[in-house]
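Chemist:
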Amino acid sequence: MKIHWLIAGLCSVAMTTSFAWAQEAAPGTVQLEDFERRMEPLEVMGQRFTVVLQQKRIAGSTDADFGETVSRMEIRDQGGEVVYEREFAYEFFGDRFLETWDVSARVLKGNQASGLLITYGVSPSTPLGGESWQVLGMVDGKLAPWGFPLYAEGQLINGEKAGPGEPVETSQEPGLNYEVLHFRVWTGNFFVIVPVRVNWFDGQVRAGWNCVKMTLRGPEPVCQVRVETERVPQESETFVLLYPEPEPMGAEPEEVVVSENSKVEFLAAEANLIWDQDVEGVGLAVGEDIWLKVRIDGQEGWIHTQEDFYAIGLPQAG
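Residue numbers for the sequence shown follow the numbering used here, beginning at 17 and rising by one.
1) Quick check on Arg92 - is its C-beta less than 8 Å from some C-beta in chain D?
2) Glu101: which of Gly83, Gln150, Val214, Phe113 sits nearest, CA to CA?
3) Identify, in the order they occur along the chain, each residue of the same chain with its Cβ nearer than 6 Å to the Cβ of Asn205, setting aside the five sequence neighbours on each side.
4) Could I get the ranges of all uninterrupted beta strand (DSSP E) runs contained in the segment 232-306, with 3 residues as the minimum, in chain order?
5) May I have the straight-line CA-CA distance separating Gly234 from Glu263, to the nearest angstrom?
6) Would you tell me roughly how many angstroms separate the C-alpha atoms of Val1 and Glu97, rounded to the nearest one?
7) Would you mind listing the beta strand (DSSP E) stretches within the segment 78-125 that are 3+ residues and don't spill past its ends, in chain order?
8) Could you spell out the range, first to last residue, of the alpha helix (DSSP H) harbouring Glu323?
9) At which residue ranges does the segment 174-239 contain complete alpha helix (DSSP H) runs of 4 or more residues, listed in the order of the chain?
10) Is it true that the CB of Arg213 sits closer than 8 Å to the CB of Asp221?
11) Quick one: Cα of Arg122 to Cα of Gln250, how far?
12) In this structure, does DSSP put Phe65 in helix, strand or coil?
13) By a C-beta neighbour count over all protein chains shown, 10 Å radius and 16 as the cutoff for buried, is Lys72 buried or exposed?
14) Between which residues of its own chain and Gly297 is the CB-CB distance below 7 Å, once the five residues before and five after are set aside?
15) Taking Ala160 as part of the beta strand (DSSP E), name the residues at either end of that continuous run.
16) Please classify Phe164: does DSSP put it in a helix, a strand, or coil?
17) Can you find the residues in the same chain that come closer than 7 Å, C-beta to C-beta, to Thr142, ignoring five residues on each side of it along the sequence?
18) Please state the DSSP three-state secondary structure of Leu152.
19) How would you label Thr45, buried or exposed, when you count the other beta carbons within 10 angstroms and need 16 or more for buried?
20) For a quick check, are the C-beta atoms of Arg92 and Phe65 less than 8 Å apart?
21) Out of Glu261, Val274, Ala267, which has the shortest C-alpha to C-alpha gap to Thr254?
22) Ignore the nearest five residues each way along the sequence and tell me which others in Met265's own chain have a CB closer than 6 Å to its CB.
23) Assign Phe217 to one of two classes, buried (16 or more other C-beta atoms within 10 Å of its C-beta) or exposed (fewer than that).
24) Given a threshold of 16 other Cβ atoms within 10 Å of its Cβ, counted over all protein chains shown, does Met89 qualify as buried or as exposed?
25) Consult DSSP for Gln171 and reduce its assignment to one of helix, strand or coil.
26) Where Phe113 and Val138 are concerned, what is the direct C-alpha to C-alpha distance, given to the nearest angstrom?
27) The beta strand (DSSP E) that contains Glu59, what's its start and end?
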């Protein structure tokens, strides 16, 4: 196939460098243009790496969201050698791709070391999904992936307040003695904050908590985590069943009145944190049997049914 160069020089756009070429197509067929974006070099442990994106564009497409997509990502060292690469499949119908990918990269800065944090975005997706995150760090002096990409119905919290080009910093989790990334994961009624451990010493990303709790039913793999949510109060007065502990076979619950003007605080949640690994990545999720610790007009306790979540102002969604 004959190649026509559309852009002979380099064009600098928003901290990336791009060039493109078109592929000739028969009349009436879709014409694809190939182009390349090079991000600004990022420094990791004294070495500089450049993320290069090979992209496809449908010639003449006016679809701003589905007219182009990333087809390949390369991470090159300062000598130009590819140290990591990933391919992205693509299909198109008419003048739009059925699915599009985007990739961004930032330095991941820890207290003890640094790495790269790659963010992948795919469209279309669920309202809270579509993004995944992959950590790369040094292994025997070379940059390498530390496991599969992480994905969730939610968002990565680290880096939300960082400015353009600023590194994403690791954080701390109360009760854990190592650095983590925090994810905001949707349960169906509210968000829980799930920590993921970044182990700079052995080059791994793993679950932050590995919990076992003794209950009246025996040992259960449940963890207590922080909660993030906003209440949508019910207009009419209602009540919830407030348990003293997150244990349905324990003490009897108390009926506690909840009104539109009640002061309701969300203190914690207890649930099974799911680390679901397959060939594509690691899914972060929360088990269905989840308990929520609340304080209602000064009275503390636990609730765990959809009826009580709705009554307290956390209706199910998503």
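Beta carbons: idealized from backbone N, C-alpha and C, even for Gly.
Modeler: Here's the rundown:
1) No chain D is present in this structure, which holds just one protein chain.
2) Numbered from its first residue, the sequence shown carries residue 101 at position 85. Answer by Cα proximity: Gln150.
3) As a working mapping, residue 205 is identified with position 189 in the sequence shown. Result list for Asn205: Phe325, Leu330, Gln332, in chain order.
4) 234-236, 239-244, 254-258, 270-274, 280-287, 289-293, 298-302
5) Locating residue 234 in the sequence shown gives position 218, counting from the first residue. Locating residue 263 in the sequence shown gives position 247, counting from the first residue. Looking at the two C-alpha atoms, the distance is approximately 12 Å.
6) This structure does not reach residue 1, given that the chain is present from 17 up to 334, and the question cannot be answered.
7) 84-92, 98-103, 116-125
8) Within the sequence shown, numbered from 1, the residue matching residue 323 stands at position 307. Note, Glu323: alpha helix (DSSP H), 322-328.
9) none
10) Position 205 of the sequence shown, counted from the first residue, corresponds to residue 221. Position 197 of the sequence shown, counted from the first residue, corresponds to residue 213. The sequence as given places Val at residue 221; Asp does not occur at that position. Yes. Within cutoff.
11) As a working note, residue 122 is residue 106 in the sequence shown. As a working note, residue 250 is residue 234 in the sequence shown. Separation of Arg122 and Gln250 (C-alpha to C-alpha, rounded to the nearest whole angstrom) is 43 Å.
12) Numbered from its first residue, the sequence shown carries residue 65 at position 49. Reduced to three states, the DSSP call for Phe65 is strand.
13) In the sequence shown, the residue the question calls residue 72 occupies position 56. Result: buried.
14) The residue you call residue 297 lines up with position 281 of the sequence shown. For Gly297, where only same-chain residues beyond five positions count, the Cβ hits under 7 Å are Ser148, Phe164, Pro165, Leu166, Tyr167.
15) Here residue 160 corresponds to residue number 144 of the sequence shown, with the count starting at 1. First-last of the beta strand (DSSP E) with Ala160: 158-161.
16) Along the sequence shown, one-based indexing puts residue 164 at 148. Here Phe164 sits in coil by DSSP.
17) Here residue 142 refers to the residue found at position 126 when the sequence shown is read from its first residue. Excluding positions up to five away in sequence, the list reads Glu169.
18) The residue you call residue 152 lines up with position 136 of the sequence shown. Here Leu152 carries a strand assignment [DSSP, helix/strand/coil].
19) Stepping through the sequence shown from its first residue, residue 45 is reached at position 29. Looking at its Cβ environment, which holds fewer than 16 other Cβ atoms inside 10 Å, Thr45 is exposed.
20) As a position in the sequence shown, residue 92 is number 76, starting the count at 1. As a position in the sequence shown, residue 65 is number 49, starting the count at 1. Taking 8 Å as the Cβ cut-off, Arg92 and Phe65 qualify as a contacting pair.
21) Counted from its first residue, the sequence shown places residue 254 at position 238. If we check each option's Cα against that of Thr254, Val274 comes out closest.
22) If you number the sequence shown from 1, residue 265 lands on position 249. Answer for Met265: Leu232, listed in chain order.
23) In the sequence shown, counting from the first residue as 1, residue 217 sits at position 201. By the neighbour-count rule (16 or more Cβ atoms within 10 Å), Phe217 is not buried but exposed.
24) For this step, residue 89 is matched to residue 73 along the sequence shown. That one is buried.
25) Walking along the sequence shown from the start, residue 171 turns up at place 155. DSSP places Gln171 in strand when its eight states are reduced to three.
26) Mapped onto the sequence shown, residue 113 falls at position 97. Mapped onto the sequence shown, residue 138 falls at position 122. Approximately 12 Å, taken between the alpha carbons.
27) On the sequence shown, residue 59 is found 43 positions in, with the first residue counted as 1. First-last of the beta strand (DSSP E) with Glu59: 58-60.
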